[in-house]
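Everything on this sheet refers to the single structure shown next.
Residue numbers (this note's numbering): 685 to 813.
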């Protein structure tokens with residue numbers, strides 16, 4: 685197979701400080717590197733998620749908003765695996781991050797929920813290994 689793994693997911697945010705706080709302090713990502721790119725007037729924050737996955741968080745002056753919710757063309761949502769869905773939901777609630785009611789995937793039997801980042805990007809938590 686040509687492709688071995690997903691290297692990173694890139695997210696453009698509207699409020700860098702709020703998104704950095706969300707992905708690092710609330711979700712528990714680990715900062716790998718933070719770079720200010722003066723020529724672009726933007727930050728690039730590399731965040732490790734879990735053992736090997738990575739999010740690149742970008743700020744740009746006046747980025748256009750997402751055209752519509754998950755059914756728009758392009759990335760539908762980003763999903764994270766958690767060992768205990770109830771504990772993860774309680775953790776998010778402590779930071780006033782609302783989650784949708786828990787659902788069960790009819791194909792896999794996995795429990796999951798959706799929530800939103802500071803820019804209303806749909807994120808999913810899936811219970812499992």
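Backbone N, C-alpha and C define an ideal beta-carbon position, used for all residues, glycine too. On a predicted model such as this, the values are computed, not experimentally measured, just so you know.
Please confirm whether residue i and residue j have their CB atoms less than 8 Å apart.
i	j	result
residue 801	residue 809	no
residue 694	residue 723	no
residue 708	residue 732	no
residue 696	residue 742	yes
residue 703	residue 747	no
Going by CA-CA distance only, name the one from the options that's closest to residue i.
i	options	result
residue 716	734, 726, 724	734
residue 701	691, 711, 727, 779	727
residue 784	744, 792, 793, 770	770
residue 712	690, 725, 779, 787	779
residue 776	788, 710, 791	710
Can you name the residues that DSSP bridges to residue i?
i	result
residue 765	810
residue 740	694, 730
residue 708	Its beta-bridge partners do not exist; DSSP assigns none.
residue 720	727
residue 788	795
residue 714	732
residue 800	806
Assuming residue i and residue j form a contact by the criterion Cβ under 8 Å, report the distance between their Cβ atoms to the nearest whole angstrom.
i	j	result
residue 804	residue 736	At roughly 28 Å, the Cβ-Cβ gap does not stay under 8 Å, so residue 804 and residue 736 are not in contact.
residue 774	residue 766	Not quite, the Cβ-Cβ distance comes to about 11 Å (not below 8 Å), so this is no contact.
residue 692	residue 738	4 Å
Can you list, in chain order, the residues of its chain with a C-beta nearer than 8 Å to that of residue i? Leave out the 5 residues immediately preceding and following it.
i	result
residue 761	754, 798, 805, 806, 807, 808
residue 768	811
residue 744	696, 724, 725, 726
Excluding the five sequence neighbours on either side, which residues of its own chain have a C-beta within less than 7 Å of the C-beta of residue i, listed in chain order?
i	result
residue 782	799
residue 706	801, 802
residue 789	796
Take residue i and list the residues in its own chain whose beta-carbon comes closer than 6 Å to its own, dropping the five residues that flank it on each side.
i	result
residue 720	727
residue 718	729
residue 786	795, 797
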